[in-house]
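Visitor: Below: one structure in structure tokens.
2 protein chains.
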Amino acid sequence: MFGQRSKHIRYMTIADETDPFQTECGKTLREVVLAYETYGRLNEDMSNAILITHAFSGDSHVGTHPDEPELRGWWGDFVGPGRVFDTSKFFVICSNVLGGCMGSTGPTSINPDTGKPYNLSFPIITITDMVNAQKRLLDRLGVSSLVAVTGGSMGGMQALQWGVSYPDYVKAVIPIATTTRLSPQGIAFNEVARRAIVNDPKWNNGNYPLDDPPVKGLALARMIAHITYLSNESMHSKFGRERVNSDKYLYKFCTEFEVESYLDYQGHKFTKRFDANTFLYMTKAIDYFDLEKAYGSLYNAFKSVRAKFLIISFETDWLYPIYQGKEMVSALRQAEKEVTYAQIPSTLGHDAFLLEYKNMKGVISPFLEQFLE
Amino acid sequence: MFGQRSKHIRYMTIADETDPFQTECGKTLREVVLAYETYGRLNEDMSNAILITHAFSGDSHVGTHPDEPELRGWWGDFVGPGRVFDTSKFFVICSNVLGGCMGSTGPTSINPDTGKPYNLSFPIITITDMVNAQKRLLDRLGVSSLVAVTGGSMGGMQALQWGVSYPDYVKAVIPIATTTRLSPQGIAFNEVARRAIVNDPKWNNGNYPLDDPPVKGLALARMIAHITYLSNESMHSKFGRERVNSDKYLYKFCTEFEVESYLDYQGHKFTKRFDANTFLYMTKAIDYFDLEKAYGSLYNAFKSVRAKFLIISFETDWLYPIYQGKEMVSALRQAEKEVTYAQIPSTLGHDAFLLEYKNMKGVISPFLEQFLE
């Protein structure tokens, strides 16, 4: 497990010998634990739960717990009393995904059959597998329905899959900065990032000690990914062509431009909190997500959903471009579903889903109001 | 030297003990050779020469020589009798840049001081250095003026620098798919590509045998770069989300999507024809090019130019976006220079400058006509 952990993290066994977990790829996991955190209280008729699903490198720590102000949640502004996901009204649940490295069973876990870490023997996990594992968690928590499922990026894919897989369980789906299927350009970026990891000799075909991982490859993978999270506009305003140390060129190969320094920092920071094999599994899950392929068409995928949708895209997000948000809206309307679309004019690129709190609150709060009794 | 070479390649010593080459970074090269090819004939008053400057991984082989039809030039459609750079009228010259690995002196060359390859002891080369070396070549060839200098991408940077450095020598400048300074996003992509090379243990701080280079790192660097050469649109139409072998997902880590297979192929092909250290030098030259920084402002850079400019940008080129073309046009107009701007509605991304022959001919041919006597 990576990084500093909240003391509010809980662990739920959602599969065991008597009730193993069947993955979409056909393999069986006979022991699955999900790490999760909750915020607020489940009401008596169990009708106020919201599930938040995390992105690629996220975890269960979506909000900041009042007694741990130093451990800020990845959506710390979004979750809390009076915030858009108002914990004085809603019971908010967030779990680390199946296949993750933040407490849930994944490639870094011990394989009960061998007593050794799974590494690459862990089954390929899909977005559907993540959602099915979350459903087991909610069943065990006694949550009988969800007011909403929401998340950004890979979290948005899970939200979409929730609406499709469990139509009677979910009142609202809020997919943010996401798509029903990644573009070939997105697959290409995932592939070169994976290649950065597997090129590192320390990766050793996935069999590295957790205390001596392929940090160079993992850092590079994160640097590549990070470029796609920012927009050209935000890079201009954050870094421009400024240099770190000198106005004069140094005429040598070193970290010289601010943007290089920033990426270097982000890459190294990431290796302290994330696992290299898990990077491979998460990106593969993202690449594979394809509602059109899975259901024959987006219309077919959406025709049985019963949730109301609020779809949010950001104008400078070139990894999950706005045309993908509009495609979802069209398909949902074609299937005669209730859908609201918000195209937010942010300059922050894909990262906007973590940062544009005010603009997102402005559309999410009124949307959620209809579900408050 | 890399790849199959034309028998028409020639070599010119442009610096020696008696006339060494001073680089912009302050180091001196006491032996410089440029590899070059020519097409057509220089007329008697030496007034029909066009210099074509190549991009990042290009070379002197811009056109296809009639007796070598199998060795297609990188602008094979553009150079020849009746083509846009019409060799029945113009004398076309193209040289491998200083610092390159296609016959000109660069990091793979032998350092006369040590008898060993320069590798990273080669000085950092700038676009200005490349242009100054080309000027020496033209002087030695007896070319006393240029009808035009043209090139795409890094070649466009050289064309711009030509217009600025040698205002009395150049009648026309045609910078294509280029900029007066790379965006921070572009620098970021260059940096992660360089990192892919230096992360490869075989790179060995630049000291690898040329017959056992860091192919994994170099291939990955090219894969990263290649993504930036294509547009999201062209990736959709070339690959979509198609798989190589099976309509079903394979549920393992392998080359599975068409786009992955394409990048893998491009990456490996590149390692047969290009040098890893040279990749570092060329990307650094691109990162450093900054007319605004060098001259205080674009207005200052352009105020002494005398050439007429034709600037060409492509609508889906996100590496050298059209706003950069427009910035050049504005600055040239502010400096009261004659400038024509063509924004070509191609879907092919940055690679369009190698592919959009008909659209480019449509603007370049009428522009060049004014210089024919």
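Listed in order, the protein sequences are those of chains A and B.
If you're matching positions, the first sequence starts at 1 in the numbering used here and goes up one per residue.
If you're matching positions, the second sequence starts at 1001 in the numbering used here and goes up one per residue.
Every residue gets a Cβ at the ideal spot worked out from N, C-alpha and C, and that includes glycine.
Between the stretch 1305 to 1318 of chain B and the stretch 1162 to 1173 of chain B, can you find at least three pairs of beta-carbon atoms closer than 8 Å?
Guide: Yes, the stretch 1162 to 1173 of chain B is in contact with the stretch 1305 to 1318 of chain B.
Visitor: Should Phe239/A be flagged as near chain B, meaning a C-beta pair shorter than 7 Å?
Guide: For Phe239/A, the answer is yes, since a Cβ of chain B falls inside 7 Å of its Cβ.
Visitor: Assuming Val173/A contacts Ala159/A under a Cβ cut-off of 8 Å, what Cβ separation, rounded to an integer in Å, is found between them?
Guide: So it is a contact: roughly 5 Å between Cβ atoms.
Visitor: Kindly provide the ranges of any alpha helix (DSSP H) runs that are 4 or more residues long and lie completely inside the stretch 1202 to 1229 of chain B, ordered along the chain.
Guide: Entirely contained in the stretch 1202 to 1229 of chain B, the alpha helix (DSSP H) runs reaching 4 residues are, in chain order, 1215 to 1229.
Visitor: With a Cβ-Cβ cutoff of 7 Å, do Trp1075/B and Val1062/B count as a contact?
Guide: Yes, the Cβ-Cβ distance between Trp1075/B and Val1062/B is below 7 Å.
Visitor: Just to make sure I have the definition right: I need the residues of chain B whose C-beta is within less than 7 Å of the C-beta of Arg181/A. Which are they?
Guide: Result: Arg1241.
Visitor: Near Val215/A, what residues of its chain come up, given a Cβ to Cβ distance below 6 Å and the 5 sequence neighbours on each side ignored?
Guide: Here the set comprises Thr271.
Visitor: Phe302/A by DSSP, collapsed to three states: which one?
Guide: Reduced to three states, the DSSP call for Phe302/A is helix.
Visitor: Any idea what DSSP makes of Leu1029/B, helix, strand or coil?
Guide: Of the three classes helix, strand and coil, the one that applies to Leu1029/B here is strand, per DSSP.
Visitor: Compare the C-beta of Cys25/A with all C-beta atoms of chain B and state if any pair is closer than 7 Å.
Guide: It does; some Cβ of chain B falls within 7 Å.
Visitor: Straight-line CA distance for Ser246/A to Phe257/A?
Guide: Distance between the alpha carbons of Ser246/A and Phe257/A: 9 Å.
Visitor: Any idea if Ser57/A is buried or exposed, counting beta-carbon neighbours within 10 angstroms, 16 or more meaning buried?
Guide: By the 10 Å Cβ count, Ser57/A comes out buried.
Visitor: Listed in chain order, which residues of the stretch 1311 to 1326 of chain B have Cβ atoms closer than 8 Å to some Cβ of chain A?
Guide: Those residues of the stretch 1311 to 1326 of chain B that come within reach of chain A (Cβ to Cβ, closer than 8 Å) are Trp1318 and Pro1321.
Visitor: Using a Cβ-Cβ distance cut-off of 7 Å, determine whether Val1259/B contacts chain A.
Guide: Val1259/B counts as touching chain A.
Visitor: Check whether chain A comes within 7 Å of Leu1098/B, counting only Cβ atoms and requiring the distance to be less than that.
Guide: Taking Cβ atoms only, chain A never reaches closer than 7 Å to Leu1098/B, which makes this a no.
Visitor: Are the C-beta atoms of Met1046/B and some chain A residue less than 7 Å apart?
Guide: Not an interface residue.
Visitor: Please go through the stretch 1119 to 1161 of chain B and give each complete beta strand (DSSP E) segment of 3 or more residues, from N-terminal end onward.
Guide: Within the stretch 1119 to 1161 of chain B, the complete beta strand (DSSP E) runs of at least 3 residues are 1146 to 1152.
Visitor: Look at Thr87/A and Gly40/A and say whether their C-beta atoms are less than 7 Å apart.
Guide: Contact flag set, yes.
Visitor: With a Cβ-Cβ cutoff of 7 Å, do Arg181/A and Asp317/A count as a contact?
Guide: No, these two residues do not count as a Cβ contact at 7 Å.
Visitor: Here's the rule I'm using: 16 or more other beta-carbon atoms within 10 Å means buried, otherwise exposed. How should Gln22/A be labelled?
Guide: Burial call: exposed.
Visitor: In terms of DSSP beta bridges, what is Ala1055/B paired with?
Guide: Paired residues: none, contrary to the question.
Visitor: Can you tell me whether Leu1298/B is buried or exposed? The criterion is at least 16 other CB atoms within 10 Å of its CB, across all chains shown.
Guide: So Leu1298/B counts as buried.
Visitor: Could you tell me which whole beta strand (DSSP E) segments of length 3 or greater appear in the stretch 1304 to 1371 of chain B?
Guide: Runs found: 1308 to 1314 and 1339 to 1344.
Visitor: Determine the burial state of Asn207/A: buried for a count of at least 16 other Cβ atoms within 10 Å of its Cβ, exposed for fewer.
Guide: Burial call: exposed.
Visitor: Can you list the residues of chain A that Gly1082/B reaches, using a CB-CB cut of under 9 Å?
Guide: Chain A residues near Gly1082/B: none, gap ~37 Å exceeds 9 Å.
Visitor: Skipping 5 residues on each side, what residues in its chain have a beta carbon closer than 6 Å to that of Pro123/A?
Guide: Taken in chain order, the residues that qualify are Thr23, Cys25 and Lys27.
Visitor: Leaving out five residues before and five after Ile1187/B in sequence, what residues of the same chain have Cβ atoms less than 8 Å from its Cβ?
Guide: Same-chain partners within the cutoff: Asp1287.
Visitor: Could you run through the stretch 1244 to 1273 of chain B and flag, in chain order, every residue whose CB is less than 7 Å away from some CB of chain A?
Guide: The residues in question are Tyr1249, Tyr1251, Lys1252, Phe1253, Phe1257, Val1259, Glu1260 and Leu1263.
Visitor: Run through the stretch 1222 to 1301 of chain B for me and flag every whole alpha helix (DSSP H) of 4 or more residues, listed as ranges in chain order.
Guide: Qualifying alpha helix (DSSP H) stretches, in chain order: 1232 to 1238, 1258 to 1271, 1276 to 1288 and 1291 to 1295.
Visitor: When you compare only the Cα positions, how much space is there between Val1131/B and Asp1019/B?
Guide: Using only the alpha carbons, I get a separation of about 17 Å.
Visitor: So, is Ile110/A buried or exposed, given that buried needs 16 or more other C-beta atoms within 10 angstroms?
Guide: Classification of Ile110/A: exposed, given that the 10 Å Cβ count is below 16.
Visitor: For Phe90/A, name the three-state secondary structure that DSSP assigns.
Guide: In this structure, Phe90/A counts as coil in the three-state DSSP scheme.
Visitor: Please work out which residues of its chain come closer than 6 Å, Cβ to Cβ, to Asn205/A, disregarding the five sequence neighbours upstream and downstream, and give them in chain order.
Guide: Result list for Asn205/A: empty, nothing under 6 Å.
Visitor: Does the CB of Asn207/A have a neighbour CB from chain B at under 7 Å?
Guide: So no, Asn207/A is outside the interface.
Visitor: Report the residues of the stretch 287 to 300 of chain A with a CB closer than 8 Å to any CB of chain B, ordered along the chain.
Guide: Taking 8 Å as the Cβ-Cβ cut-off against chain B, the residues of the stretch 287 to 300 of chain A that qualify are Asp287, Tyr288, Asp290 and Lys293.
Visitor: Give the DSSP-derived three-state secondary structure of Pro184/A in the structure shown.
Guide: The answer is helix: DSSP assigns Pro184/A an H, G or I state.
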